[in-house]
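Visitor: Protein chains in written order, with this note's numbering: chain A, 1 to 261; chain B, 1001 to 1261; chain C, 2001 to 2261; chain D, 3001 to 3261.
The beta carbon of each residue, even a glycine, is placed where N, CA and C say it ideally should be.
For reference, the structure I am asking about is given below.
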């Protein structure tokens, strides 16, 4: 990592947020997706963040076809929280960029992974599991129940959030035991899903949130916008970006004073 | 994965255990290592398992210089629990073999990672963090305290286990929050380390245990042998090896009957 | 606690299991309950355990109207795992007996709390929360999904278990974050519930399992019988019963040898 | 609980903090305690909070000999975060007051339990374990290591915090698995202790922090003051105080709209 890592925002500066989207459904002209998301899924998510968080955020977007997928070392060094949406093009994301994103998360960048991003290289690399699940696309009602009522990510939304039509994601969801289980979803068919879960990886905070699909206008739902905005605030870095390394301790160090983490 | 995965042991058959060691210190003739471990670290760990578990285990060893590092698809398919020791040659382990080991763990194979194996590709891939730590090699006394008194891995050992001379490993240890914190170690210098931790990854169980070093005869310590044997028993698979995948659920399936995980 | 605590079973002796039931619905002649459970709920649960575990268990029952509710110090000292069913008479359970049960759990006795036992004094005392929940008795279908596929309590049951008619229990369930989340249930109405959760309290293991109600024949369901039997095996003590106390450490103790937990 | 519960602070109003101390060592004239804490332990803790948090807090104190121990229903209803210090007089705290404090924590009041408060009725009731531990009073050096580097409670303190002289608290500490393990302490004698742990109980947040003793001037240590102040901010309520109860769900409710937790 370059010294660019040191360019950390001031406490009162807006959070620098990047919404990444593979943007394949949109650019190849899938009708229903274009109808739901005329500005792209990234455009809708970014608009929701700007609407909810206002001047507290500085939101930009990046897509697969940008140079380096829009995620250069410089760009990541200046990003506080990255959001990730992908579906059909996970294997087109370069391993170099994945390594870079993973390193930035471990060094303190926040990460929000949305919906089908469960199968992205970034997410499976950070979690260490297959992240497989069950699914069925039949326009079912999803109910998103709050299981952690005092968690900041659940602030200001009803329990349940009612999403009239959705793709079903169901257990068994092959993830590590979450640090925090914030939301559980049920579907008309009777399935259940751990739909809002958090993890820490190094100095970075991760939030996975499953509601959201290209075929349904879920990212326009006011409660969903609120949850994603809450997630961005929750996942913000708590200090300067810093790569953790194995350090040799001096002998007798504790006589001479304390050191950092 | 091949069908070889289906070759699962009978309930009453011995556990098939493979102790993997990079075997570099030993084969290049590091004097102190050869003195401590004339049969290699893998030889000492394997002997400890045979001594402690007797007919309940069928233990073999594998090293870096074996073809495919001794970890072919066939060999892994017939392994219930794999132990991993590495130090100076982590980057010589082929990515193909790492992918294979990771897939087998996720599909149900048990994994015990020892000491400096914290920095192995296999461990960092399954955990998603850097696994960095602090260290000092000064022959300090390590005390290994039991924090989970009813955990099967802590069965039959005193709290603390006293290791007269050891390399120090200290916090901050960059790992995800463990599923279970079994042991905490302290050192003469005052440092502390989460020295025994467990994780689940898919259908596989992982146990990391830090005591053990090439320069100290730790693997001959009776309590350490016991912990490693307990770990092997704890990490054994609970069912046939099986790769988890994303499955489509049929409509109305719950009318017609139940399905597997 | 008396010395009776020391009467611990031999490794190969049957597990000594007591099924406790307030037995109020049954003894006051609630028709539907008597029809579902002619031998009482305790009788049905005990029969399920004997059928599933055979000679591995020695099962007896106890009810509210027994002297000391059937839970004398002597009886508890000779109990490996206690099961608890209560509903309308929680406040009739004497505080002395509650203190005694809590102390035995903390000292190593296993405890399985069933269904409306969530509101029992024993459970709320061990958990430290209100254990409140939402409910609706409308004969809905309950689906019990396995979230921890390698957990021994989930062994041998399909995911989901289908219970045709049940009382609904729904979130928010006011419990501490479980040590392990084994099952999640959904209901026809769309609610979700953490229906199978485990905790450790001192040297004792707890399993709460919500399926089961006096108005539905749930305890005759083969999968439910299996889960409860799995729970009993899982919750068995790992050593002699022992009351944990605050102990003064001698100076320089670690020179002279190791001590117990 | 009375309607007084509804008197919740405005978002920008100071946090209302009460420091409770049994105040027995001080009032009976224990010399070393009076020397270390001329204003009482509660006075020192309160002064540290005022110094660190300034206008963000409104700090008052209460002691055992106050009417209702200074913890009337009205007082608790107007308290955002309660700190608890007790040692020799745990059993003199009335059960009615304990019930009241527990109910307020479960309904959203924050609670910080300090040092020997581990054995208080309030803490053991909320945790459900004996909270026993090992101890030795020999003026040892305590090192407080940060294990959760991004946790707000660890903000702004070195790792380790060095306390030159302290009473030793050691494992096994009989507590439930913490929601978050923030600090681990080591002592000259080689013991280890989970010295900073958090829990949620209902809508309330708990932080236990072990450094601090009547015989050593620990509460004047700048890093300890900072940790306690961080704890107070972390434990503040996230909404109006509210008693959780078991609620019946209406049939078909999800058609008509959403409800609260």
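Using a Cβ cut-off of 7 Å (strictly closer), state whether residue 2266(C) contacts chain D.
Guide: Chain C is shown from 2001 up to 2261; residue 2266(C) falls before or after that span and cannot be answered.
Visitor: Can you check DSSP and say which residues form a bridge with residue 3142(D)?
Guide: Counted from its first residue, the fourth chain places residue 3142(D) at position 142. DSSP output for residue 3142(D) lists 3163(D), 3187(D) as bridge partner(s).
Visitor: With respect to 6 Å, is the separation between the Cβ of residue 124(A) and the closest non-hydrogen atom of the ligand GTP below this value?
Guide: Within the structure as shown, the ligand GTP is missing, as the structure has no ligands at all.
Visitor: Please check the pair residue 147(A) and residue 183(A), which I expect to be a contact at CB under 8 Å, by giving their CB distance rounded to whole angstroms.
Guide: Position 147 of the first chain, counting from 1, holds the residue named residue 147(A). Position 183 of the first chain, counting from 1, holds the residue named residue 183(A). Confirmed, Cβ separation roughly 6 Å.
Visitor: Is it buried or exposed for residue 1245(B), if we count other Cβ within 10 angstroms and need 16 for buried?
Guide: Residue numbering aside, residue 1245(B) sits at position 245 when the second chain is read from its first letter. Residue 1245(B) is exposed by the Cβ-count criterion.
Visitor: Cβ of residue 133(A) less than 7 Å from any chain B Cβ?
Guide: Counted from its first residue, the first chain places residue 133(A) at position 133. At least one chain B Cβ lies under 7 Å of residue 133(A).
Visitor: Please list, in chain order, the residues of the stretch 3092-3114 of chain D that have any C-beta partner in chain C closer than 7 Å.
Guide: Within the stretch 3092-3114 of chain D, the qualifying residues are 3106.
Visitor: Starting from the C-beta of residue 2037(C), find all residues in its chain whose C-beta is less than 6 Å away, skip the five residues before and the five after it, and write them out in chain order.
Guide: For the purposes of this step, residue 2037(C) is identified with residue 37 of the third chain, where counting begins at 1. Contacts found: 2044.
Visitor: Step through the CB atoms of chain A and report whether any lies within less than 7 Å of the CB of residue 3203(D).
Guide: As a position in the fourth chain, residue 3203(D) is number 203, starting the count at 1. Interface residue, yes.
Visitor: Cβ of residue 1012(B) less than 7 Å from any chain D Cβ?
Guide: In the second chain, the residue the question calls residue 1012(B) occupies position 12. Chain D, which has no Cβ nearer than 7 Å to the Cβ of residue 1012(B), makes this no.
Visitor: Measuring only the C-alpha atoms, how far is residue 3197(D) from residue 216(A)?
Guide: Along the fourth chain, one-based indexing puts residue 3197(D) at 197. Along the first chain, one-based indexing puts residue 216(A) at 216. Distance between the alpha carbons of residue 3197(D) and residue 216(A) is about 42 Å.
Visitor: Beta-carbon within less than 7 Å of residue 3019(D)'s beta-carbon, same chain only, minus the 5 sequence neighbours each way: which residues are those?
Guide: Here residue 3019(D) is taken as the residue at index 19 of the fourth chain, counted from 1. Here the set comprises 3042, 3045, 3046, 3059, 3061, 3083.
Visitor: With 7 Å as the C-beta to C-beta threshold (strictly closer), list the residues of the stretch 2230-2241 of chain C near chain B in chain order.
Guide: Residues passing the 7 Å Cβ filter: 2238.
Visitor: Mind reading off the beta-carbon distance from residue 3234(D) to residue 3153(D)? Whole number of angstroms is fine, and I expect it under 8 Å.
Guide: As a working mapping, residue 3234(D) is identified with position 234 in the fourth chain. As a working mapping, residue 3153(D) is identified with position 153 in the fourth chain. Rounded, the Cβ-Cβ distance is 5 Å, consistent with contact.
Visitor: Alpha carbon to alpha carbon, how far is residue 127(A) from residue 88(A)? Give it in angstroms, no decimals.
Guide: As a first step, residue 88(A) must be located in the first chain, where it is residue number 88. As a first step, residue 127(A) must be located in the first chain, where it is residue number 127. Cα to Cα, residue 88(A) sits roughly 20 Å from residue 127(A).
Visitor: Measuring only the C-alpha atoms, how far is residue 2212(C) from residue 2156(C)?
Guide: Taking the first residue of the third chain as 1, we reach residue 2212(C) at position 212. Taking the first residue of the third chain as 1, we reach residue 2156(C) at position 156. Rounded to the nearest angstrom, the two C-alpha atoms are 19 Å apart.
Visitor: For residue 150(A), would you say it is in contact with chain D, using Cβ-to-Cβ distances shorter than 7 Å as the test?
Guide: Residue 150(A) sits at position 150 when you count from the first residue of the first chain. True, the Cβ-Cβ gap to chain D drops below 7 Å.
Visitor: Indicate whether residue 2134(C) and residue 3247(D) have their beta-carbon atoms separated by less than 7 Å.
Guide: Position 134 of the third chain, counted from the first residue, corresponds to residue 2134(C). Position 247 of the fourth chain, counted from the first residue, corresponds to residue 3247(D). Yes, the pair counts as a contact, with Cβ atoms nearer than the cut-off.
Visitor: Taking the continuous beta strand (DSSP E) assigned at residue 1112(B), which residues delimit it?
Guide: Indexing the second chain from 1 puts residue 1112(B) at position 112. Counting along the chain, the beta strand (DSSP E) containing residue 1112(B) begins and ends at 1110-1114.
Visitor: Would you call the stretch 106-119 of chain A in contact with the stretch 1224-1231 of chain B, where contact means no fewer than 3 C-beta pairs closer than 8 Å?
Guide: Short answer: they don't touch.
Visitor: So who's on the other strand from residue 1208(B), going by DSSP bridges?
Guide: On the second chain, position 208 is the one that residue 1208(B) refers to. Answer is 1113(B), 1197(B), bridged to residue 1208(B).
Visitor: Residue 2198(C) versus chain A: which residues are under 8 Å apart at the beta carbon?
Guide: By 1-based counting over the third chain, the position of residue 2198(C) is 198. The premise fails here: residue 2198(C) is roughly 12 Å from chain A at the closest Cβ pair, so nothing lies under 8 Å.
Visitor: Looking at residue 129(A) and residue 67(A), is the spacing between their C-beta atoms short of 7 Å?
Guide: Sequence index remark: in the first chain, residue 67(A) carries index 67 (1-based). Sequence index remark: in the first chain, residue 129(A) carries index 129 (1-based). Cβ atoms of residue 67(A) and residue 129(A): not closer than 7 Å.
Visitor: Below 7 Å between beta carbons: does that hold for residue 2171(C) and residue 145(A)?
Guide: The residue you call residue 2171(C) lines up with position 171 of the third chain. The residue you call residue 145(A) lines up with position 145 of the first chain. In this structure, residue 145(A) lies closer than 7 Å to residue 2171(C) by Cβ.
Visitor: Confirm, please, whether the CB-CB distance from residue 2014(C) to residue 2057(C) is below 7 Å.
Guide: For the purposes of this step, residue 2057(C) is taken as residue 57 along the third chain, with counting starting at 1. For the purposes of this step, residue 2014(C) is taken as residue 14 along the third chain, with counting starting at 1. Against a cut-off of 7 Å, the Cβ pair of residue 2014(C) and residue 2057(C) comes out as a contact.
Visitor: Where does residue 2166(C) land, buried or exposed, given buried means 16+ other C-beta within 10 angstroms?
Guide: On the third chain, residue 2166(C) is found 166 positions in, with the first residue counted as 1. It counts as buried.
Visitor: With DSSP as the reference, label residue 1023(B) as helix, strand or coil.
Guide: For the purposes of this step, residue 1023(B) is taken as residue 23 along the second chain, with counting starting at 1. Residue 1023(B) falls in the coil class under three-state DSSP.
Visitor: Among 3204(D), 3231(D), 3150(D), 3250(D), which has the Cα closest to the Cα of residue 205(A)?
Guide: Start at 1 with the first residue of the first chain, and residue 205(A) comes out as number 205. When only C-alpha atoms are compared, the closest one is 3150(D).
Visitor: Helix or strand or just coil, what does DSSP make of residue 2082(C)?
Guide: Stepping through the third chain from its first residue, residue 2082(C) is reached at position 82. Strand at residue 2082(C).
Visitor: Please classify residue 1170(B): does DSSP put it in a helix, a strand, or coil?
Guide: As a working mapping, residue 1170(B) is identified with position 170 in the second chain. Correct three-state label for residue 1170(B): strand.
Visitor: Taking the Cβ atom as the reference point for each residue, do residue 210(A) and residue 169(A) lie within a distance shorter than 7 Å?
Guide: For this step, residue 210(A) is matched to residue 210 along the first chain. For this step, residue 169(A) is matched to residue 169 along the first chain. In contact: residue 210(A) and residue 169(A) (Cβ atoms closer than 7 Å).
Visitor: Is residue 216(A) helix, strand or coil by DSSP?
Guide: Position 216 of the first chain, counted from the start, is the residue given in the question as residue 216(A). In this structure, residue 216(A) counts as strand in the three-state DSSP scheme.
Visitor: Among 1122(B), 1093(B), 1115(B), whose alpha-carbon lies nearest the alpha-carbon of residue 1101(B)?
Guide: If you number the second chain from 1, residue 1101(B) lands on position 101. Ranking the options by Cα distance to residue 1101(B), first place goes to 1122(B).
Visitor: Chain B beta carbons: is any one of them nearer than 7 Å to that of residue 3171(D)?
Guide: As a first step, residue 3171(D) must be located in the fourth chain, where it is residue number 171. Yes, residue 3171(D) counts as interfacial toward chain B.
Visitor: Do you know how far the Cα of residue 2049(C) is from the Cα of residue 173(A)?
Guide: Here residue 173(A) refers to the residue found at position 173 of the first chain. Here residue 2049(C) refers to the residue found at position 49 of the third chain. In a straight line, the C-alpha of residue 173(A) is about 31 Å away from that of residue 2049(C).
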